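J.: Residue numbering for the sequence shown follows my numbering, beginning at 201 and increasing consecutively.
C-beta atoms are modelled at their ideal positions from N, C-alpha and C, and glycine is treated no differently.
Note that the coordinates shown come from a computational prediction; the quantities given were computed from them, not determined experimentally.
Just dropping this structure here.
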Amino acid sequence: MKMKGTATVVKHTGSHYLLTELPGWNLFPAVLRGKVRLKGSTATNPVAVGDLVDYDLDEAAEGDSMAAITSIHPRRNYVIRKSTNLSRQNHIIAANLDQAVIITSLMFPEIKLPFLDRILVTCEVYNVPAIIVLNKVDMYRDAAKEEVEAFKSIYESAGYRVIETSTKTGEGISELRELCKDKVTLFSGESGVGKSSMIKAIDPSLEPRTGEISDVHLQGKHTTTFYEMYRFSVSDGGSGYIVDTPGIRGFGLVDLKKEEIALYFPEMLRASEDCRFSPCTHTHEPGCAVKLAVEEGTITPERYSSYLGMLEDEGKYR
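Listed below in structure tokens is the structure:
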């Protein structure tokens, strides 16, 4: 006799998965049955962390055997990246997210704005609200106050929330924990920005793994997934869910035509309503409201430069 159910994928290691029926946290193992694949997906991983799946479990062997994933529910959103090497493979980072927290550090390591902008554009494309965390501020804020304020101005003027944090002093941790409560949140960022320390600061009982994902991991069709969901607890008895990702080196855009890129820069989308021509590439056309906004300072040159870089080569920046 088969027991059927629906659960959320919380971990993927090779050909094996861990599932749970949220909001509970009773984890159980599973494998894919046959060639289960989401319709229309071209990603290397047919099942991603955060996916809602149907499964079968043999009741007679319950506790001794793995469940079998039989189908994947349609995703309400997801975050996907493309390898920036020649393989150009796509990989789903996580699905069915309430929000994404992009962790950055102005220094140690030095921030790469084009990399950050590519993640933000991807979040906009796939309808994942994004929050930017500027971490390690205890190390450089006093010495680089103008740089910190300039960074915040770039992204707050674009419409993003920027939170300053320090896992050493605890600054901003309570605010971030509250924002993640009762939500499924993707934590992502470049290697070395302090993401694992941030997760432990939110809940010291968690043990996120450290590591780095490079493009080589996307070359195979059956690549091990390095993403995992954790449940964290808060003092009032509540909880939330964090999808942890190792530091990402390359982040190429997926399924986005060049003429569509500007639609996913919120500040450029707002300004483009006044462009003389439609469509407008915002590069050479007369009467371009976006170029005028850059000249007037309402769109920052840093964001416009990232946009031009994406137009030039979607796989160039890291």
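#1: I'd like to check one pair, residue 300 with residue 328: are the Cβ atoms closer than 8 Å?
#2: Might you give, ordered along the chain, the residues of its own chain that have their beta carbon closer than 8 Å to the beta carbon of residue 487, omitting 5 neighbours on each side?
#3: Looking only at C-alpha atoms, which of 277, 234 and 267 sits nearest to residue 250?
#4: Taking the beta carbon of residue 468 as the centre, do at least 16 other beta carbons fall within 10 Å, making it buried, or is it exposed?
#5: Assign residue 408 to buried or exposed, taking buried as 16 or more other Cβ atoms, counted over all protein chains shown, within 10 Å of its Cβ.
#6: So, residue 297 versus residue 369, is the Cβ gap smaller than 8 Å?
#7: Can you list, in chain order, the residues of its chain with a C-beta nearer than 7 Å to that of residue 266? Leave out the 5 residues immediately preceding and following it.
#8: How should residue 482 be labelled, buried or exposed, when 16 other C-beta atoms within 10 angstroms of its C-beta is the threshold for buried?
#9: Do residue 371 and residue 362 come within 8 Å of each other at the CB atom, strictly closer than that value?
#10: I'd like to confirm the pairing. Which residues does DSSP put opposite residue 211 in its beta bridges?
#11: With DSSP as the reference, identify every bridge partner of residue 229, one or two as the case may be.
#12: Please list, in chain order, all residues of the same chain as residue 257 whose beta carbon is under 6 Å from its beta carbon, the five residues on each side excluded.
#13: Do you know offhand how far residue 209's Cα is from residue 291's?
#14: For residue 387, list the residues DSSP reports as bridge partners.
#15: What alpha helix (DSSP H) runs, 4 residues minimum, are completely inside the region 326-350?
#16: Is residue 398 closer than 8 Å to residue 367 when the C-beta atoms are compared?
#17: Could you name the residues of the same chain whose beta carbon sits closer than 8 Å to that of residue 326, not counting the 5 residues immediately before and after it, in chain order?
#18: Assign residue 519 to one of two classes, buried (16 or more other C-beta atoms within 10 Å of its C-beta) or exposed (fewer than that).
#19: Excluding the 5 residues preceding and the 5 following residue 221 in the sequence, name in chain order all residues of the same chain whose CB lies nearer than 6 Å to its CB.
#20: Along the chain, where does the alpha helix (DSSP H) containing residue 399 start, and where does it finish?
#21: Does DSSP classify residue 476 as helix, strand or coil?
#22: How long is the line joining the alpha carbons of residue 419 and residue 234, rounded to whole angstroms?
T.: Taking the geometry as given:
#1: yes
#2: 475, 476 and 477
#3: 277
#4: buried
#5: buried
#6: no
#7: 229, 230 and 231
#8: buried
#9: no
#10: 218 and 428
#11: 218
#12: 203 and 267
#13: 16 Å
#14: 301 and 444
#15: 337-340
#16: yes
#17: 277, 278, 279 and 280
#18: It is not possible to answer for residue 519, since the shown part of the chain is limited to 201 through 518.
#19: 207
#20: 395-402
#21: coil
#22: The predicted model places residue 419 with a pLDDT of 40, which falls under 50 and marks its position as unreliable; any figure quoted below should be read in that light. Between residue 419 and residue 234, the C-alpha separation is close to 22 Å.
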